[in-house]
Amino acid sequence: MAHFAIGIDLGTSNCALEWSSLQAAAENISTFQIRQYETLERVVESSVLPSFLYFKDNPSESGLPYVAGLAAREQFKSEPSRCIHSAKSWLCHPGVDREGPILPWQSLDVPPLQQMSPVSASAAYLSYLKEAWDQQFAAESPEHAFDQQQITVTVPASFDQVAQRLTLKAAQDAGFPKSTRLLEEPQAAFLAWVSEPGHQQALRALQQNKAAKQLTWLVCDVGGGTTDFSLFSVQTRTDGDDPLIERLAVSDHILLGGDNIDLALAKRAEAEFAAKGHNVRPDQWL
């Protein structure tokens with residue numbers, strides 16, 4: 033029997049893990065602090081695991097040929113061709129072999145045998161989270177092991193069936209239980225908002241003011257690599273129970289997010305600096 037409900041945000045830019053005890057009388061959601069390298073020498077704990085993998089020159093020093101998280105993002109500044117990032121954007125890209133070793137993209141510095149597919153890179157992030165959890169919780173009790181819990185991984189609402197299947201494959205490759213399920217990100221965000229104290233009362237008051245049987249809400253989710261729009265209908269209940277929520281529609285898949293915004297700003301800044309006779313080094317951008 034599962035003791036914990038675990039929710040994972042497998043993001044383009046960052047990954048995160050939230051958890052709640054299924055045995056506690058009152059619901060209490062906690063953010064898991066992920067132990068990881070901040071630099072190649074220093075270990076810290078952080079609420080997010082940056083979605084970066086850095087392939088080291090000498091992988092024989094440890095079991096894995098790469099470092100994940102904060103240190104990998106830091107190394108991306110000076111050695112971008114040795115880093116995988118934005119794997120989630122490739123995971124939903126129909127124009128590439130998403131199960132082929134194409135990452136780091138067009139890299140000449142990482143040996144072909146070490147290169148990874150978008151699926152395997154996603155599995156690497158998920159595996160890291162699983163192992164970090166087990167190092168803390170499974171050590172307390174075998175019943176607290178990650179693969180014994182209720183696991184949910186969020187995905188963009190506009191992910192097609194192929195991208196959803198590949199996300200589940202990445203989870204299975206990472207050792208997740210077969211019962212792992214997917215939840216659309218805008219829906220997860222909206223449900224979390226509705227569950228906040230006072231928000232249901234605000235919804236009920238708004239519905240009464242508008243004299244409407246139900247309200248329609250548009251949720252906009254702008255992430256690191258995708259933008260999602262989801263439309264929901266909400267009907268509050270007079271008995272105080274949770275409102276009835278129905279997803280009405282989702283947008284087409286839009287490969288537009290923080291990565292694109294950063295690139296557009298960088299190009300504009302680069303042009304302005306060049307016009308003044310200044311050149312910006314690659315390591316100055318991040």
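Residue numbers (this note's numbering): 33 to 318. Ideal Cβ positions, reconstructed from N, Cα and C, are used throughout, including at glycine.
Inset, instruction - Would you check if the segment 242-262 and the segment 185-202 touch, i.e. whether three or more CB-CB distances between them fall below 8 Å? - result: yes
Inset, instruction - Under 8 Å Cβ to Cβ from residue 211, same chain only, skipping five residues before and after it: list those, please. - result: Against the sequence shown, residue 211 aligns to sequence position 179. Around residue 211, the same chain offers 182, 183 as residues with beta carbons nearer than 8 Å, after the five sequence neighbours per side are excluded.
Legend entry - Whole-angstrom distance between residue 110 and residue 247, CA atom to CA atom: Position 215 of the sequence shown, counted from the start, is the residue given in the question as residue 247. Position 78 of the sequence shown, counted from the start, is the residue given in the question as residue 110. Distance between the alpha carbons of residue 247 and residue 110 is about 50 Å.
Legend entry - Contacts around residue 151, its chain only, beta-carbon distance under 8 Å, and the 5 residues preceding and following it disregarded: Looking up residue 151 in the sequence shown gives position 119. Cβ within range, chain order: 123, 130, 131, 198, 201, 202, 205.
Inset, instruction - Starting from residue 249, trace the beta strand (DSSP E) both ways and give me its first and last residue. - result: Along the sequence shown, read from residue 1 onward, the residue named residue 249 stands at position 217. Looking at the DSSP string, the run of the beta strand (DSSP E) that includes residue 249 is 247-254.
Legend entry - Where the alpha helix (DSSP H) containing residue 205 begins and where it ends: Taking the first residue of the sequence shown as 1, we reach residue 205 at position 173. It spans 193-205 - the alpha helix (DSSP H) in which residue 205 sits, taken as one unbroken run.
Legend entry - Beta-carbon gap between residue 255 and residue 230 smaller than 8 Å: Numbered from 1 along the sequence shown, position 223 holds the residue referred to as residue 255. Numbered from 1 along the sequence shown, position 198 holds the residue referred to as residue 230. Cβ distance not < 8 Å, so residue 255 and residue 230 don't count as in contact.
Legend entry - Contact between the segment 96-113 and the segment 163-172 (3+ Cβ pairs under 8 Å): no
Legend entry - Extent of the continuous beta strand (DSSP E) to which residue 161 belongs: Looking up residue 161 in the sequence shown gives position 129. Counting along the chain, residue 161 sits inside no beta strand (DSSP E); it lies in the alpha helix (DSSP H) bounded by residues 150-165.
Inset, instruction - Let me know the secondary structure DSSP gives residue 6 once reduced to three states. - result: Because the chain in this structure spans residues 33 to 318, residue 6 falls outside the shown range and cannot be described.
Legend entry - Supposed close pair residue 257, residue 154 - CB separation, criterion 8 Å: For the purposes of this step, residue 257 is identified with residue 225 of the sequence shown, where counting begins at 1. For the purposes of this step, residue 154 is identified with residue 122 of the sequence shown, where counting begins at 1. No, residue 257 and residue 154 are not in contact; Cβ-Cβ is about 12 Å, not under 8 Å.
Inset, instruction - Consult DSSP for residue 306 and reduce its assignment to one of helix, strand or coil. - result: Stepping through the sequence shown from its first residue, residue 306 is reached at position 274. Helix.
Inset, instruction - Please go through the same chain and pick out, in chain order, the residues whose beta-carbon is closer than 6 Å to the beta-carbon of residue 141, but skip the five residues on each side of it. - result: In the sequence shown, counting from the first residue as 1, residue 141 sits at position 109. Counting only Cβ-Cβ distances below 6 Å, and skipping sequence neighbours, we find 113, 114.
Legend entry - Close-in-space but distant-in-sequence residues of the same chain around residue 281 (CB under 8 Å, 5 per side omitted): The count along the sequence shown starts at 1 and reaches residue 281 at position 249. Here the set comprises 262, 263.
Legend entry - Cβ-based burial, residue 227 [other Cβ within 10 Å; buried from 16]: If you number the sequence shown from 1, residue 227 lands on position 195. Burial call: exposed.
Legend entry - Beta-carbon proximity check, residue 357 vs residue 160, cutoff 8 Å: Shown here, the chain extends from 33 to 318; a query on residue 357 therefore has no answer.
Legend entry - Host alpha helix (DSSP H) of residue 225 (start-end): The count along the sequence shown starts at 1 and reaches residue 225 at position 193. That run of the alpha helix (DSSP H) goes 217-227.
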